[in-house]
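Take the sequence shown: its letters are residues 1 to 265, numbered as in the UniProt record's numbering.
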Amino acid sequence: MTGSREHVLDGRTVREWPHPGPRCVVLVVHGYGEHAGRYAELAGVLTAYGAAVYGPDHVGHGRSAGERVLIEDFEDVVADVHRTAELARAAHPGLPLVLVGHSMGGLIAARYAQRHRDELSALVLSGPVIGVWELPGRLLALDEIPDTPISPSALSRDPAVGAAYAADPLVWHGPMKRPTLEAFVRTLDAVAEGGDVGDLPVLWLHGDDDRLVPLPGSRIGVERLSGGRLTERIFPGARHEVFNETCKAEVFAEVTGFLDRTLPR
């Protein structure tokens, strides 16, 4: 796999996995509390496929500036992802642009697709936080947000994934913050009210044992977001991070097969 390099845009760190002659550009939008560097294996699959891959660290995440995991407005994060897209398009003008969003990144990617649909050739959502997600409401009802970090075992059936996550100094292991939870609620509503993405091809990937972002709630949002060109792939027994699951070879094949069917030759 080609090595990665970093760019800094307005205090946001963007990781790039370059390709010398790409056929498309893929933006990877990471989830809550983590960072783009955790997607190196996916990026390797995509660069082998022929993509130039870019992944921004969101505000307050990874190597980017800002108070840890504090997101006051996801519309600002969408704008940050758009700046990453502009960086990628400047380097690779005229190539198809694909957005891949995982978990919270799926929420950001869905909102991006609503706002910038005409700039995209395809959308991939992995365990996306859209539709009905009850966690923010439950936590906001409490006087104090409990310090209950994400359980590494909820990510994957592969124990090495959880161990690496727990040991990663760029991952946030503390409590969620009230302004971020409030922003989740507002943006879930905004995506629900923002309409579908028309004829944009959408690939939805989800584990049927995802306890962090339960599948039934996401289904409501995905079906509302899709304009009709939806490919659904549910993986039996898989947990939240399908790109890091024991069936990841199958997941990667679904992504590259979807791109083959979707992107121009």
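Ideal Cβ placement from N, Cα and C applies to all residues, glycine included.
Starting from residue 108, trace the alpha helix (DSSP H) both ways and give me its first and last residue.
Start and end: 104-116.
Should residue 210 go down as buried or exposed, given a rule of 16 or more other Cβ atoms within 10 Å for buried?
The residue is buried, with at least 16 neighbouring Cβ atoms inside 10 Å.
Tell me, which residues are paired with residue 206 by DSSP?
Residue 206 is bridged to 234.
Does DSSP put residue 148 in a helix, a strand or coil?
If DSSP states are grouped into helix, strand and coil, residue 148 belongs with coil.
Do residue 22 and residue 116 count as a contact pair if the criterion is CB distance below 7 Å?
No; because the gap between Cβ atoms is not below 7 Å, this pair is not in contact.
The beta strand (DSSP E) that contains residue 16, what's its start and end?
Looking at the DSSP string, the run of the beta strand (DSSP E) that includes residue 16 is 12-17.
Grouping DSSP H, G and I as helix and E and B as strand, with all else coil, what is residue 249?
Of the three classes helix, strand and coil, the one that applies to residue 249 here is helix, per DSSP.
Specify the secondary structure class of residue 127 as computed by DSSP and reduced to three states.
Of the three classes helix, strand and coil, the one that applies to residue 127 here is coil, per DSSP.
Between residue 55 and residue 246, what straight-line distance do the alpha-carbon atoms span, to the nearest angstrom?
If I take the Cα positions, the gap works out to 23 Å.
Do you know how far the Cα of residue 66 is from the Cα of residue 225?
Roughly 30 Å between the two C-alpha positions.
When the Cα atoms are used, what is the spatial distance from residue 248 to residue 10?
When rounded, the distance between both Cα atoms is 34 Å.
At the level of alpha carbons, what is the spacing between residue 1 and residue 52?
Bear in mind that the predicted position of residue 1 carries a pLDDT of just 42, short of 50, making it unreliable; the figure below should be weighed with that in mind. Cα-Cα distance, rounded: 12 Å.
Can you tell which of 169, 223, 86 and 228 has its C-alpha closest to the C-alpha of residue 38?
Considering only alpha carbons, the answer is 169.
Can you check the segment 17-89 for any alpha helix (DSSP H) of at least 4 residues that lies completely inside it and give the ranges in chain order?
Those alpha helix (DSSP H) runs which fall completely within the segment 17-89 and span 4+ residues are 40-49.
Measuring only the C-alpha atoms, how far is residue 186 from residue 72?
Answer to the nearest angstrom: the Cα atoms are 10 Å apart.
Mind checking which residues open and close the beta strand (DSSP E) that includes residue 6?
Residues 5-9.
Under a three-way DSSP split, which group does residue 101 fall into?
Note: residue 101 maps to strand in three-state DSSP.
Starting from the Cα of residue 81, find the closest Cα among 132, 138, 96 and 26 and give me that residue.
For the residues 132, 138, 96 and 26, the minimum Cα distance to residue 81 belongs to 26.
Can you give me the start and stop residues for the alpha helix (DSSP H) that residue 179 sits inside?
Start and end: 178-193.
If we count the other Cβ atoms within 10 Å of its Cβ and call it buried at 16 or more, is residue 79 buried or exposed?
It counts as exposed.
Would you check if the distance between the CB atom of residue 96 and the CB atom of residue 126 is smaller than 7 Å?
Their beta carbons are not under 7 Å apart, which means residue 96 does not touch residue 126 by this criterion.
Can you find the residues in the same chain that come closer than 6 Å, C-beta to C-beta, to residue 31, ignoring five residues on each side of it along the sequence?
Answer for residue 31: 102, 103, 104 and 105, listed in chain order.
Provide the residue(s) that pair with residue 163 in DSSP beta bridges, ordered along the chain.
Residue 163 is not bridged to any residue.
Of all the options 75, 48, 64 and 13, which has the alpha carbon lying nearest to the alpha carbon of residue 190?
Of 75, 48, 64 and 13, the residue nearest in Cα terms is 75.
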